[in-house]
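Quick mapping for you: the protein sequence lines, in order, are chains G and R.
Using my numbering, the letters of the first sequence map in sequence onto residues 439 to 604.
Using my numbering, the letters of the second sequence map in sequence onto residues 4 to 171.
Note that beta-carbon positions come from the ideal geometry of N, C-alpha and C, so glycine has one too.
Below: one structure, written as C-alpha cells.
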Amino acid sequence: MKYRSLIIGAFLILFSFSGLAQSKTVTEFSKTAKGYNLYLYQSMIRMLNKDKNPEFNLLIRDLDHLKWVTTDSTGTPAVSVFKKLDAGLRDEGFEEIVTYDSKDSKCHIYDLEGNGNKSTWVITMLFEGVAGAVEMKGSVDMKYMSAMSSLNINKISDLLKIDHFD
Amino acid sequence: MRTLSVMFMLFIGLGMSAQNNGIDRFYEKYQQDDHFTRINISSKMFSLFTNFDSNDPDEKDVLETISKLKGLKVLSGEAIPNAKAIYLDAVKRPNAEMEELMVVQDKGSELKFFITESKGIITELLLVSYDDTSVMMMSLIGDIDLKSISKLSKKMNIDGFEHLEKVK
Numbered sequence: 439m440k441y442r443s444l445i446i447g448a449f450l451i452l453f454s455f456s457g458l459a460q461s462k463t464v465t466e467f468s469k470t471a472k473g474y475n476l477y478l479y480q481s482m483i484r485m486l487n488k489d490k491n492p493e494f495n496l497l498i499r500d501l502d503h504l505k506w507v508t509t510d511s512t513g514t515p516a517v518s519v520f521k522k523l524d525a526g527l528r529d530e531g532f533e534e535i536v537t538y539d540s541k542d543s544k545c546h547i548y549d550l551e552g553n554g555n556k557s558t559w560v561i562t563m564l565f566e567g568v569a570g571a572v573e574m575k576g577s578v579d580m581k582y583m584s585a586m587s588s589l590n591i592n593k594i595s596d597l598l599k600i601d602h603f604d
Numbered sequence: 004m005r006t007l008s009v010m011f012m013l014f015i016g017l018g019m020s021a022q023n024n025g026i027d028r029f030y031e032k033y034q035q036d037d038h039f040t041r042i043n044i045s046s047k048m049f050s051l052f053t054n055f056d057s058n059d060p061d062e063k064d065v066l067e068t069i070s071k072l073k074g075l076k077v078l079s080g081e082a083i084p085n086a087k088a089i090y091l092d093a094v095k096r097p098n099a100e101m102e103e104l105m106v107v108q109d110k111g112s113e114l115k116f117f118i119t120e121s122k123g124i125i126t127e128l129l130l131v132s133y134d135d136t137s138v139m140m141m142s143l144i145g146d147i148d149l150k151s152i153s154k155l156s157k158k159m160n161i162d163g164f165e166h167l168e169k170v171k
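Put into C-alpha cells, the structure is as follows:
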C-alpha cells in the first residue's frame, strides 16, 4: 500500500501544478527505458473525470499530456538510472523542491521555472528495483483546483497496474 | 497512519533555505544511512498552496496554515539500536537560538519541542522524539501558529504534534 500511495500522491502533486517545456533527460530516458512508457493525453485525462464535473475539463484544458516512463525490474540497474535522472535534471537547471528518501523507495520532485508563473515539473522515483520519471507538459488552471476531487484515482492505478507494489 | 503522514509531508512540500536549523547537522550526518527516512520540502512547494481556494471553513484553515510555512524537514530512523543516544545528542543543543517548549515523557519514550522566536513570532518549530529503537526529528520553518499546527496535525494524524494543544 505504501508504494501505491506514494506513486499516486506524487502523481497528484505533479498533476496539481503546471508545466511547459519537456525535459531532455526524461526524453532521452524514454528512448531506452523498457518498463512503462505511458502517455496520458488530455483526451484520456478527460475520461478520468469520474463525476463528469465540467470544472474538471476547465482545469485541464491547457494540459497537453502526462508522461510516465520506468525501467523494467529484470536486472536493470535502477539505482544508477535513478541517479542519472537526478543528475541530468540538475544539469538542466531543475531545482529539487521535494525529497523523500527511505531505504525502500525514493521520490524527488523537480521544478524548472519558465516564463510567468509557469514551471516544468518532473518527478523521479525509485522503488522495488524500478526507476522512473513522470513529466507534465502544459498547464492546469488553478482556479478550478477543487475539481481535482473528480479525478478517478482507481482508474489511474488500474492504468499503471501498480497493485503489485502493495 | 504513517503513510498518511508521509503523504501529508509530500503534499505540503518546501525549500528549506535556512541551513542552520535544529535538524541540519543530523540530516547531513545520516544522509547515507539506510535506517533513516529523509523528507525535505521547499518554500516553493508551500507557496503553491496560496493558489488554492476553498469554500469549506476547515479546508480554508488548513490552507491558510500551510501557506504560512516555508519549509519542512524530517529525519526518521527505525531499528536504531542507539536511538536514545541520538535523541539525547539532538536535544542537548539543537540550535543556539532555540528554546525548549515542552517535554513529554513516557516509559521508554520521550518527546521534546523546541522553538525559535523572532520579534514575538515563532519562526521554527522542532520536534525531537525517540521510542525504543526509533528516533524522529521534524523541523517546520515559517510563520508558525502552534494551535493551527496542532489542528492541522490532528487532521493529518501526525504523531506528537497533538501535545501542542496543551500550550496556552
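Against chain G, with Cβ distances strictly below 7 Å, would residue i count as a contact?
i      : result
M4/R   : Low per-residue confidence applies at M4/R: pLDDT is 43, beneath 50, and the placement is therefore not dependable, though the value from the model is reported in the following sentence. Not one chain G Cβ lies under 7 Å of M4/R.
I26/R  : no
D162/R : no
K32/R  : no
T136/R : no
N98/R  : no
N43/R  : yes
T68/R  : no
D36/R  : no
M48/R  : yes
Rank the options by C-alpha distance to the C-alpha of residue i and give the top, closest one.
i      : options                        : result
K472/G : V568/G, D539/G, Y479/G         : V568/G
I125/R : G80/R, K71/R, E81/R            : K71/R
I483/G : E466/G, F467/G, Y474/G, L501/G : L501/G
A82/R  : K32/R, E100/R, D37/R, S153/R   : D37/R
T470/G : N487/G, K488/G, A516/G         : A516/G
E120/R : L104/R, L114/R, Q108/R         : L104/R
G526/G : F467/G, T537/G, L597/G         : F467/G
D146/R : V131/R, G123/R, Q34/R          : G123/R
S132/R : F117/R, S112/R, N43/R, E100/R  : S112/R
Give a yes or no on whether 7 Å exceeds the smallest Cβ distance from residue i to chain R.
i      : result
L470/G : Contrary to the premise, residue 470/G reads as Thr rather than Leu in this sequence. It does not; no Cβ of chain R falls within 7 Å.
D510/G : no
D489/G : no
L458/G : Bear in mind that a pLDDT of 49 at L458/G, under 50, signals an unreliable position, so the number given afterwards is only what the model happens to contain. No, L458/G lies away from the interface with chain R (no Cβ there is under 7 Å from its Cβ).
K537/G : Position check: residue 537/G holds Thr in this sequence, whereas Lys was assumed. It does: the Cβ of T537/G has a partner Cβ on chain R nearer than 7 Å.
K505/G : no
S543/G : no
S540/G : yes
With C-beta atoms as the reference, is residue i less than 7 Å away from residue j?
i      : j      : result
V507/G : A571/G : yes
N85/R  : G25/R  : no
F494/G : S584/G : no
D549/G : L497/G : no
I144/R : K73/R  : yes
L486/G : N592/G : no
E573/G : V560/G : yes
L114/R : G80/R  : no
K505/G : Y477/G : yes
F116/R : M101/R : no
T562/G : L597/G : no
Using DSSP with H/G/I as helix, E/B as strand and the rest coil, what is residue i?
i      : result
F532/G : coil
L7/R   : Confidence at L7/R is low in this model, with a pLDDT of 43, below 50, so the placement of that residue should be treated as unreliable; the coordinate-derived value is given next. Of the three classes helix, strand and coil, the one that applies to L7/R here is helix, per DSSP.
T40/R  : strand
S461/G : coil
M141/R : strand
Q35/R  : coil
G473/G : coil
D135/R : coil
L497/G : helix
E466/G : helix
S511/G : coil
K122/R : coil
S587/G : helix
D524/G : helix
N85/R  : coil
M482/G : helix
V578/G : coil
S518/G : helix
S543/G : strand
K150/R : helix
D92/R  : helix
Using 8 Å as the threshold, is the stretch 530 to 537 of chain G in touch with the stretch 459 to 468 of chain G, meaning 3 or more CB pairs across them?
yes
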